[in-house]
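First to last, the protein sequences are chains A and B. Take 748 as the starting number for the first sequence in the working numbering and just add one per residue. Take 149 as the starting number for the second sequence in the working numbering and just add one per residue. Positions of the beta carbon are idealized from the N, C-alpha and C atoms, including for glycine. Please read all numbers here as calculations on a predicted model, not as lab measurements. Below you'll find the structure, written out as structure tokens, and then a few comments.
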Amino acid sequence: MQWWCAATGLPWDWRWQWYPGVHLVLVLLAVGWWSLGRAHGWTTRPWGWFVTAWVALLATLDWPIGKLGAGYLASVHTLQFMLLTLLIAPALLRSIPADGWSVLAPEGSRRFRALRTMARAIPGLLCYNIIVITTHLPAVVDPAMRTQLGSFLVDGAWLVGGLILWWPLVAPAPFERLGTFPKMGYLFGATIIPTIPAMMMVFSEWPLYALYELAPRVDVRFSANEDVMLAGLLMKVVGDIPLWIAMAVVFFRGTARDAQAHG
Amino acid sequence: MTRWLPLVLLVGLMACGEQTDRPLSPSGFVGAEVLTPRPLPDITLTDHLGAPFHLADATRGKVTLLFFGYMHCPDICPVHLANIAAVLDKLPDEEQRQIAVIFVTVDPARDTMPDLYRWVTGFHPSFIALTGSDSLIQAAQVASGLLVAQRDTVAANAGAAYLVGHAASVIAHTRDGIGRVQYPFGTRQRDWAHDLPRLIAFEETP
């Protein structure tokens, strides 16, 4: 039995498999969120955001998506990347209310300074892009996904990358560093670097990853070449959509706030 | 420095994606050169029309990729065939015509010819599916220097879906009909793309 989804090289089958590590992480996350709220006396509990993050995390890491992404289909692996960085991470950040952040990182504390620093554009973009590029290098993906620890670290890196990416956008008042237009520029900046691995996947003459090229086919009608091309398209075309939507939201919220302030 | 970062990363990714990372054989192949080159088996099998197909005669003058496998193979066979097909599709027509890909079933009882032919040509229309008696197929494997495939008789006798253990290598015969290079499971498309034109151009130095 595996504790975390990793490539096995075995033929794909649709039998359910239990991955205890995934469920342990989910239990710890739920207990941690609940305990944090109680200990810090949150005035509100953003249930909607937390449940969204928790359910999406379960779907992303557990069977079948976790198993398919870890060892069979590059496109599903990319779907996991998108869910972790573009849905789960911002939902998790949103699942802590503004007063929760203030208790978690009181002004003047080291945590406060760290969160303030990470709310700037350059550290956010730099860390996120380094994580994206590193975790998409064939020299990293091919060996990492063959071990449970490697696969766990890749999933963890994507979640951390997502938290870093979204923090400057959702950071509440005492931490917030970016205004409306810098936030929009930041979001646009976040769409640029992931274009590199995405285009490599789409335009590479041969499949980029040995792991997915040589994996037992889930369906012989869906080739490794089509799979990796779909992965690249997902990453660029679909992956950019949440960022463009976020840009629109930031713009309309910012202009509404300005109108309120001036009116 | 940071403004060059995307370019550096792009070049790095390209390098990772396109180069073959295996050492080349003395003749410049990614595949492993066989220690004892053998000719195509002097054996006649049966093609999808039920017509006799003599392995050596029917492929004379072509690079022949000979692979023994079975249609219900869950991993090795479909990956090998799909990878070869993907590379063939990208070769010029003239080079494609000089390559014969032959898939011989090692499970003739289950791989009935209409299904086998449909399955094999589903990967590439030029692929050739062959069958024959157990003894002929075994002889062809031995003549090719491969271990003879073994059926999981426990599962087969119980009437359950069974696996067949078989050689995972594709044997590449140059145009003179001699099997010189073998490609184990794990051979990538870029490896085939590197080797196929070299196999076509190969001429033994006297």
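Through-space distance from residue j to residue i, alpha-carbon basis
i	j	result
Ile232 of chain B	Val769 of chain A	37 Å
Gly280 of chain B	Val901 of chain A	48 Å
Thr260 of chain B	Val887 of chain A	43 Å
Gly313 of chain B	Lys983 of chain A	42 Å
Pro273 of chain B	Met892 of chain A	34 Å
Pro222 of chain B	Leu229 of chain B	12 Å
Ser409 of chain B	Ile326 of chain B	In the structure as shown, chain B begins at 149 and stops at 354. Residue 409 of chain B is therefore absent and cannot be evaluated.
Gly293 of chain B	Leu820 of chain A	34 Å
His787 of chain A	Leu884 of chain A	41 Å
Phe969 of chain A	Pro915 of chain A	39 Å
Ala803 of chain A	Leu831 of chain A	8 Å
Leu834 of chain A	Asn972 of chain A	27 Å
Ala868 of chain A	Val997 of chain A	15 Å
Thr807 of chain A	Leu981 of chain A	15 Å
Trp763 of chain A	Ile812 of chain A	11 Å
Phe201 of chain B	Gly909 of chain A	59 Å
Leu826 of chain A	Val290 of chain B	46 Å
Ile911 of chain A	Cys874 of chain A	7 Å
Ser317 of chain B	Val252 of chain B	13 Å
Ile880 of chain A	Tyr265 of chain B	43 Å
Ala1006 of chain A	Leu925 of chain A	18 Å
Trp810 of chain A	Ala937 of chain A	30 Å
Thr207 of chain B	Gly217 of chain B	19 Å
Glu854 of chain A	Arg860 of chain A	8 Å
Ala248 of chain B	Phe177 of chain B	18 Å
Ile319 of chain B	Trp759 of chain A	27 Å
Gly816 of chain A	Cys752 of chain A	8 Å
Nearest-angstrom Cβ-Cβ length linking residue i and residue j, presumed shorter than 8 Å
i	j	result
Ser818 of chain A	Thr882 of chain A	Reading off the sequence, residue 818 of chain A comes out as Gly, not Ser. Actually they do not touch by this definition, with Cβ atoms about 16 Å apart.
Pro189 of chain B	Leu203 of chain B	5 Å
Pro345 of chain B	Glu243 of chain B	6 Å
Ile285 of chain B	Pro256 of chain B	6 Å
Trp842 of chain A	Trp913 of chain A	Contrary to the premise, residue 842 of chain A reads as Ser rather than Trp in this sequence. 12 Å between Cβ atoms; not a contact.
Leu311 of chain B	Leu193 of chain B	About 23 Å separates the two Cβ atoms, so there is no contact after all.
DSSP state of residue i mapped onto helix, strand, coil
i	result
Val965 of chain A	coil
Ala316 of chain B	coil
Gln764 of chain A	coil
Ala234 of chain B	helix
Ile191 of chain B	coil
His272 of chain B	coil
Ala206 of chain B	helix
Thr807 of chain A	helix
Thr755 of chain A	coil
Pro345 of chain B	helix
Thr184 of chain B	strand
Gln127 of chain B	Residue 127 of chain B falls outside the range modelled here, since chain B spans only 149 to 354, and no answer is possible.
Pro174 of chain B	coil
Gly217 of chain B	strand
Pro774 of chain A	Inspection of the sequence shows that residue 774 of chain A is occupied by Val rather than by Pro. Val774 of chain A falls in the helix class under three-state DSSP.
Cys164 of chain B	Because Cys164 of chain B carries a pLDDT of 49, less than 50, the predicted location of this residue cannot be relied on, and the following value inherits that uncertainty. In this structure, Cys164 of chain B counts as helix in the three-state DSSP scheme.
Thr790 of chain A	coil
Phe922 of chain A	coil
Tyr331 of chain B	strand
His228 of chain B	helix
Residue environment, residue i, which counts as buried when at least 16 other CB atoms sit within 10 Å
i	result
Arg785 of chain A	exposed
His941 of chain A	In the sequence as presented, His is not what sits at residue 941 of chain A; that position holds Pro. Result: buried.
Leu958 of chain A	buried
His321 of chain B	buried
Glu960 of chain A	buried
Phe271 of chain B	buried
His1009 of chain A	exposed
Met948 of chain A	buried
Leu197 of chain B	exposed
Met994 of chain A	buried
Pro767 of chain A	exposed
Gly897 of chain A	buried
Phe828 of chain A	buried
Arg964 of chain A	buried
Thr894 of chain A	exposed
Ile988 of chain A	exposed
Pro837 of chain A	buried
Residue i CB to nearest heavy atom of the ligand ZN below 6 Å
i	result
Thr192 of chain B	In the structure on display, the ligand ZN does not appear, and there are no ligands present to speak of.
Notebook entry, point to check: Should the segment 974-983 of chain A be regarded as contacting the segment 912-927 of chain A, the criterion being three or more beta carbon pairs within less than 8 Å?
Noted result: no
Check: Are the segment 317-335 of chain B and the segment 213-221 of chain B in contact at 8 Å, needing three or more beta carbon pairs?
Finding: yes
Note to self: Within 8 Å, do at least three Cβ pairs link the segment 232-250 of chain B to the segment 338-352 of chain B?
What the structure shows: yes
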